[in-house]
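Chemist: First to last, the sequence lines map onto chains A and B. So the first sequence is numbered by the working numbering: it starts at 2 and just counts up by one. So the second sequence is numbered by the working numbering: it starts at 2 and just counts up by one. Using N, Cα and C, we set each Cβ at its ideal position, and we do this for glycine too. Before I ask anything, here is the structure I am working with.
Protein chains: 2
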Amino acid sequence: MHPLRAYIHRFVALPDEAWRALEAELQPRQLKRHEYFVQPGDTRHEVALLLRGACRMFYPRADGEEVTTYFFFENHLLASYPACLRNAPSPLAIQALEPTELLVFPYAALTRLYDAWPVFERFGRLLAEYHLIGTEERLSEQLLYSPEARYRALLASSKTKIMARIPQRLVAAYLGVTPVSFSRIRARVARNPGPPAG
Amino acid sequence: MHPLRAYIHRFVALPDEAWRALEAELQPRQLKRHEYFVQPGDTRHEVALLLRGACRMFYPRADGEEVTTYFFFENHLLASYPACLRNAPSPLAIQALEPTELLVFPYAALTRLYDAWPVFERFGRLLAEYHLIGTEERLSEQLLYSPEARYRALLASSKTKIMARIPQRLVAAYLGVTPVSFSRIRARVARNPGPPAG
DNA sequence: CTAATTTCTTAGCGTTTGTTAACGAAAGCG
DNA sequence: CGCTTTCGTTAACAAACGCTAAGAAATTAG
Numbered sequence: 002m003h004p005l006r007a008y009i010h011r012f013v014a015l016p017d018e019a020w021r022a023l024e025a026e027l028q029p030r031q032l033k034r035h036e037y038f039v040q041p042g043d044t045r046h047e048v049a050l051l052l053r054g055a056c057r058m059f060y061p062r063a064d065g066e067e068v069t070t071y072f073f074f075e076n077h078l079l080a081s082y083p084a085c086l087r088n089a090p091s092p093l094a095i096q097a098l099e100p101t102e103l104l105v106f107p108y109a110a111l112t113r114l115y116d117a118w119p120v121f122e123r124f125g126r127l128l129a130e131y132h133l134i135g136t137e138e139r140l141s142e143q144l145l146y147s148p149e150a151r152y153r154a155l156l157a158s159s160k161t162k163i164m165a166r167i168p169q170r171l172v173a174a175y176l177g178v179t180p181v182s183f184s185r186i187r188a189r190v191a192r193n194p195g196p197p198a199g
Numbered sequence: 002m003h004p005l006r007a008y009i010h011r012f013v014a015l016p017d018e019a020w021r022a023l024e025a026e027l028q029p030r031q032l033k034r035h036e037y038f039v040q041p042g043d044t045r046h047e048v049a050l051l052l053r054g055a056c057r058m059f060y061p062r063a064d065g066e067e068v069t070t071y072f073f074f075e076n077h078l079l080a081s082y083p084a085c086l087r088n089a090p091s092p093l094a095i096q097a098l099e100p101t102e103l104l105v106f107p108y109a110a111l112t113r114l115y116d117a118w119p120v121f122e123r124f125g126r127l128l129a130e131y132h133l134i135g136t137e138e139r140l141s142e143q144l145l146y147s148p149e150a151r152y153r154a155l156l157a158s159s160k161t162k163i164m165a166r167i168p169q170r171l172v173a174a175y176l177g178v179t180p181v182s183f184s185r186i187r188a189r190v191a192r193n194p195g196p197p198a199g
């Protein structure tokens, strides 16, 4: 099955005709290392399926720092969700960490499909709900647990692949600590692999 | 207009017949102070519109602490979103902070309406999207800014009403700090009302 | 393959936070 | 209305974090 159709199929079964309507919108795109899929301020809203490579999402802070908040790998859907949903300039950037291949389509095409096909509307609902519970889980982790506990939870999770492909300073930002502090936490955890989990 | 219909109307215009289908499911409920709408482990999934009063949402932590992560006031929709969407036991509790009046309906009734009425499915999508961008904004605030900066942002926001009706130790948890630390931050900010914002 | 750049670690220092505890104020309850 | 409980502030101490800087290690680019 087409990788995008397979992605959607995890949420809804798409009739052939509906799929073809989306397929007609797809455009391949290659990103070099460090090239952008979205830059802060962008108003041309696009969605993409990542076929090969890896990307990071980050927010620029007033002091010039770029705070990385998320990563995308193969068969992830990427977009500036806030920009698309509000139809506003993007507050964030999405940038390739490696040479990356994408399948891109305009967000406006998706909203047209929402109007035309109830099955797409359902997909849109399930997709938003899926991301919502993931984001809420991550927010509550930030509010409930210490940086060290969050790192231990990351180690114990299936997301360990994040660690493998991503520079550690970006993982640090993902966990909400500075690179220096993250290095100390790593040393601490390596010395004492078991508890504490709080 | 009925307050629930007015709430939904901010997202979609509901035909009379569709509205009546939902209206038939509504049940009023009163909560005393400290009474629960959802308790951790609950499997009977319900949604409610808050008509009068206030509630807090909190996660129980392994050490016994209850970490408050959200508040609900008049004309807010409340539910254990993770529990409803996953059809799993609730990981969190929702508890009345004041005597509270609710209009309750089963989450299963909503999913039936999703099946029966495309306009409800659209409402469900927009509702999830709306909550997603709110949650993502809050997560990125946690990752980007210091506790003091988050408190200053809260002061500058329209959410100042949170401060008024809610015990400060719960606001502290909402910001991701302990009550003692929050008290110090408040004193610091009161001494120096302007910067720093970082 | 080598040179340049970036990344990771470690250290020192000042600041902030968490914890515990005590006291006073405020609010709930009978 | 008075009693009890909860809540907010402050203090003291230990632990953790952010920042700066320097050296080592790894990666990238030519």
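Looking only at its chain, what residues have a beta carbon closer than 7 Å to the beta carbon of Pro-41 of chain A, apart from the 5 residues adjacent to it on each side?
Modeler: Position 40 of the first sequence, counting from 1, holds the residue named residue 41 of chain A. If we look at Pro-41 of chain A and ignore the five residues flanking it on each side, its Cβ neighbours are Pro-61, Ser-91, Pro-92, Leu-93, Ala-94.
Chemist: Within this structure, are the beta carbons of Glu-149 of chain A and Tyr-108 of chain A separated by less than 9 Å?
Modeler: Walking along the first sequence from the start, residue 149 of chain A turns up at place 148. Walking along the first sequence from the start, residue 108 of chain A turns up at place 107. Against a cut-off of 9 Å, the Cβ pair of Tyr-108 of chain A and Glu-149 of chain A comes out as no contact.
Chemist: Please report the Cβ distance between Glu-137 of chain B and Pro-119 of chain A, rounded to the nearest whole angstrom; I am assuming they are in contact, meaning their Cβ atoms lie under 8 Å.
Modeler: As a first step, residue 137 of chain B is located in the second sequence; it is residue number 136 there, counting from the start. As a first step, residue 119 of chain A is located in the first sequence; it is residue number 118 there, counting from the start. About 26 Å; that fails the 8 Å criterion.
Chemist: Output, in sequence order along the chain, the residues in the region 132-148 of chain A whose CB is closer than 9 Å to any CB in chain B.
Modeler: So the close ones are His-132, Leu-133, Ile-134, Thr-136, Glu-137, Glu-138, Arg-139, Leu-140, Ser-141, Gln-143, Leu-144, Leu-145, Tyr-146.
Chemist: Compare the C-beta of Ala-200 of chain A with all C-beta atoms of chain B and state if any pair is closer than 9 Å.
Modeler: Any question about residue 200 of chain A goes unanswered here, given that chain A covers just 2 to 199.
Chemist: Say whether chain A places a C-beta atom closer than 9 Å to the C-beta of Tyr-37 of chain B.
Modeler: Position 36 of the second sequence, counted from the start, is the residue given in the question as residue 37 of chain B. Not closer than 9 Å to any Cβ of chain A, the Cβ of Tyr-37 of chain B fails to qualify, so no.
Chemist: Provide the residue span of the alpha helix (DSSP H) that contains Gln-220 of chain A, from first to last.
Modeler: Residue 220 of chain A falls outside the range modelled here, since chain A spans only 2 to 199, and no answer is possible.
Chemist: Would you please state the rounded distance, in angstroms, between the beta carbons of Leu-78 of chain B and Leu-50 of chain B? I believe it to be under 8 Å.
Modeler: One-based indexing of the second sequence puts residue 78 of chain B at position 77. One-based indexing of the second sequence puts residue 50 of chain B at position 49. Contact holds; Cβ gap of about 6 Å.
Chemist: State yes or no: is the beta carbon of Arg-87 of chain A nearer than 9 Å to at least one beta carbon in chain B?
Modeler: Locating residue 87 of chain A in the first sequence gives position 86, where the first residue counts as 1. So, interface residue.
Chemist: How close, in whole Å, do the beta carbons of Val-105 of chain A and Gln-28 of chain A come, if the pair is a contact with beta carbons under 8 Å?
Modeler: In the first sequence, counting from the first residue as 1, residue 105 of chain A sits at position 104. In the first sequence, counting from the first residue as 1, residue 28 of chain A sits at position 27. The pair is a contact, with the Cβ atoms about 5 Å apart (cut-off 8 Å).
Chemist: I want to verify the contact list: residues of chain A whose CB lies under 8 Å from the CB of Ala-174 of chain B, in sequence order.
Modeler: By 1-based counting over the second sequence, the position of residue 174 of chain B is 173. In chain order: Leu-144.
Chemist: Which residue from B:Leu-133, B:Arg-192, B:Pro-180 puts its Cα closest to that of Glu-67 of chain B?
Modeler: Mapped onto the second sequence, residue 67 of chain B falls at position 66. Closest option to Glu-67 of chain B, Cα to Cα, is B:Pro-180.
Chemist: Determine which residues of the region 104-133 of chain B have a Cβ less than 7 Å from any Cβ of chain A, and write them out in chain order.
Modeler: Per Cβ criterion, the list reads Pro-119, Glu-122, Arg-123, Gly-125, Arg-126, Ala-129, Glu-130, His-132, Leu-133.
Chemist: Between the beta-carbon of Arg-126 of chain B and the beta-carbon of Tyr-115 of chain A, is there less than 9 Å?
Modeler: Start at 1 with the first residue of the second sequence, and residue 126 of chain B comes out as number 125. Start at 1 with the first residue of the first sequence, and residue 115 of chain A comes out as number 114. Yes; because the gap between Cβ atoms is below 9 Å, this pair is in contact.
Chemist: Taking Cβ positions, are Pro-100 of chain B and Leu-32 of chain B nearer each other than 9 Å?
Modeler: Looking up residue 100 of chain B in the second sequence gives position 99. Looking up residue 32 of chain B in the second sequence gives position 31. Yes, Cβ-Cβ distance for Pro-100 of chain B and Leu-32 of chain B is below 9 Å.
Chemist: Buried or exposed: where does Thr-70 of chain B fall if 16 or more other Cβ atoms within 10 Å of its Cβ makes it buried?
Modeler: Counting from 1 along the second sequence, the entry for residue 70 of chain B is found at position 69. Buried, because 16 or more other Cβ atoms sit within 10 Å of the Cβ of Thr-70 of chain B.
Chemist: Quick test of your reading: Gly-177 of chain A and Gln-143 of chain B, contact by CB under 8 Å. State the CB separation rounded to the nearest angstrom.
Modeler: Within the first sequence, residue 177 of chain A is the residue found at index 176, counting from 1. Within the second sequence, residue 143 of chain B is the residue found at index 142, counting from 1. Their Cβ separation, rounded to whole angstroms, is 6 Å, which keeps Gly-177 of chain A and Gln-143 of chain B in contact under 8 Å.
Chemist: Out of A:Glu-24, A:Val-190, A:Glu-75, point me to the one whose CA is closest to Leu-156 of chain A's CA.
Modeler: Taking the first sequence and counting its residues from 1, one reaches residue 156 of chain A at position 155. Taking only the C-alpha atoms, the option nearest Leu-156 of chain A is A:Val-190.
Chemist: Using three-state DSSP, classify Arg-57 of chain A as helix, strand or coil.
Modeler: On the first sequence, position 56 is the one that residue 57 of chain A refers to. Note: Arg-57 of chain A maps to strand in three-state DSSP.
Chemist: Considering Ala-19 of chain B, what are the terminal residues of the beta strand (DSSP E) in which it resides?
Modeler: As a position in the second sequence, residue 19 of chain B is number 18, starting the count at 1. Per DSSP, Ala-19 of chain B belongs to no beta strand (DSSP E); it is in the alpha helix (DSSP H), 17-24.
Chemist: Considering Cα atoms alone, identify which of A:Leu-5, A:Val-13, A:Arg-11, A:Tyr-37 is closest to Leu-23 of chain A.
Modeler: Within the first sequence, residue 23 of chain A is the residue found at index 22, counting from 1. Minimum Cα distance to Leu-23 of chain A is reached at A:Leu-5.
Chemist: Classify Arg-25 of chain A: buried if its beta carbon has 16 or more other beta carbons within 10 angstroms, exposed otherwise.
Modeler: Here residue 25 of chain A refers to the residue found at position 24 when the first sequence is read from its first residue. A quick correction: the sequence has Ala, not Arg, at residue 25 of chain A. With fewer than 16 other Cβ atoms within 10 Å, it is exposed.
Chemist: Is Ala-173 of chain A closer than 9 Å to Ser-159 of chain A when the C-beta atoms are compared?
Modeler: As a position in the first sequence, residue 159 of chain A is number 158, starting the count at 1. As a position in the first sequence, residue 173 of chain A is number 172, starting the count at 1. No, the pair does not count as a contact, with Cβ atoms beyond the cut-off.
Chemist: Could you check whether the Cβ of Gln-169 of chain B sits closer than 8 Å to any heavy atom belonging to the ligand PLP?
Modeler: Absent from the structure shown: the ligand PLP. Ligands present: none.
Chemist: What does Tyr-60 of chain A reach in chain B if we use C-beta pairs closer than 9 Å?
Modeler: As a position in the first sequence, residue 60 of chain A is number 59, starting the count at 1. Under the 9 Å cutoff, chain B gives Ser-141, Leu-144, Leu-145.
Chemist: Measure the alpha-carbon distance for Leu-128 of chain B versus Phe-12 of chain B and round it to whole angstroms.
Modeler: Taking the first residue of the second sequence as 1, we reach residue 128 of chain B at position 127. Taking the first residue of the second sequence as 1, we reach residue 12 of chain B at position 11. Going from the Cα of Leu-128 of chain B to the Cα of Phe-12 of chain B covers about 7 Å.
Chemist: Is the shortest distance between the beta-carbon of Pro-83 of chain A and the beta-carbons of chain B less than 9 Å?
Modeler: For this step, residue 83 of chain A is matched to residue 82 along the first sequence. Yes, its Cβ sits closer than 9 Å to a Cβ of chain B.
Chemist: What whole-angstrom Cβ distance do Ala-55 of chain B and Phe-73 of chain B have, given they're in contact under 8 Å?
Modeler: Numbered from 1 along the second sequence, position 54 holds the residue referred to as residue 55 of chain B. Numbered from 1 along the second sequence, position 72 holds the residue referred to as residue 73 of chain B. Yes, they are in contact, since the Cβ atoms of Ala-55 of chain B and Phe-73 of chain B sit about 7 Å apart, within 8 Å.
Chemist: When you compare each of B:Ala-165, B:Ala-154, B:Leu-140, B:Ile-186 to Phe-59 of chain A by their alpha carbons, which one comes out closest?
Modeler: Here residue 59 of chain A refers to the residue found at position 58 when the first sequence is read from its first residue. Cα-wise, what sits closest to Phe-59 of chain A is B:Leu-140.
Chemist: Can you name the residues of chain A whose CB is closer than 9 Å to the CB of Val-190 of chain B?
Modeler: Mapped onto the second sequence, residue 190 of chain B falls at position 189. Near Val-190 of chain B there are no residues of chain A at all, since even the closest Cβ is about 18 Å away, more than 9 Å.
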